Ligand SMILES: [Ca+2]
Ligand SMILES: [Ca+2]
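Numbering (our numbering), first residue to last: 31 to 296.
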């Protein structure tokens, strides 16, 4: 009340110009918190708009996703804070050329440990044949072998094996740069997060938080180490493609190689 009384006394004796200045300052101070609230509400609305509905409207042409990320799948769901994750969906023609790139956010379901959501299919592709390449920050891209065709008026659920964590810098390669970037983003950073920010200044911290628990720490480092080791072993020990006749009836008889058949991708 002391401040208010002094303000009233000041206004009684102040010139009209000074009174106007004080009133203008009070209006600005009052408007600031309101501006912050409005900005927060707008951000929430934008985030909501970027999150597709899990169930597309009847009759629509859409892809319905039910995707897993391996580090999320192996983490206690109650520890996961990053329930909304960005995915990049590339539609490829039969020659493998990218004909459309779609960005979407999918929502983590703690019961199924899968990310779900739907994406309307662009009209130009509703009668086309295509397959999908799917990527999420921090994870290697995975491409379906299944060809989707003539989806006009229909929905198609896309379920794949969990994407593999480890591509922190998003170049679809596994190398020392992924380690350096994760360490830079982590609580053990020694470069003040310099390498954690890419050339455009964008932070890669979300990508480095492989298990979505809100921290980049020893757990993420262990996941990265394990996955890159397994990936390197697969690269140095090429498997033998599984002959299709092994899965037909009658079945052919071919001896399995010592390194085993390549796992069926999807
Ligand atoms: Ca990489
Ligand atoms: Ca983490």
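We put the CB at the ideal spot given by N, CA and C, even for glycine. These numbers were taken from a predicted model, which means no experiment stands behind them.
In this structure, residue 225 keeps its C-beta atom at 7 angstroms or more from the C-beta atom of residue 198.
When DSSP states are grouped into helix, strand and coil, residue 259 belongs to the helix group.
Taking every protein chain shown into account, the CB of residue 215 has 16 or more other CB atoms within 10 angstroms, so this residue is buried.
Around residue 253, the same chain offers 101, 195, 240, 241 as residues with beta carbons nearer than 7 angstroms, after the five sequence neighbours per side are excluded. Contact between residue 99 and residue 166 is confirmed by a C-beta separation of about 6 angstroms, below the 8 angstroms threshold.
Taking 6 angstroms as the cut-off, the C-beta of residue 100 does not count as close to any heavy atom of ligand 1.
The beta carbon of residue 282 is closer than 8 angstroms to those of 273, 275, 276 in its chain, skipping five residues each way along the sequence. Contact between residue 95 and residue 146 holds, since their C-beta atoms are separated by about 6 angstroms, short of 8 angstroms. If you draw a straight line from the Cα of residue 105 to the Cα of residue 164, it comes to about 21 angstroms. Contact between the region 83-92 and the region 147-158 is present, with at least three C-beta pairs closer than 8 angstroms.
In chain order, the residues that have a beta carbon nearer than 5 angstroms to some heavy atom of ligand 1 are 197, 199, 201, 203, 208. Shortest gap from the CB of residue 239 to any heavy atom of ligand 2: under 6 angstroms. Around residue 107, the same chain offers 140 as residues with beta carbons nearer than 6 angstroms, after the five sequence neighbours per side are excluded. Nearest in C-alpha terms to residue 229, of all of 249, 170, 211, is 211.
Nearest to residue 171 by C-alpha distance, out of 278, 121, 48, 269, is 121.
At least one heavy atom of ligand 2 lies closer than 6 angstroms to the C-beta of residue 245. Relative to ligand 2, even the nearest heavy atom lies 6 angstroms or more away from the CB of residue 112.
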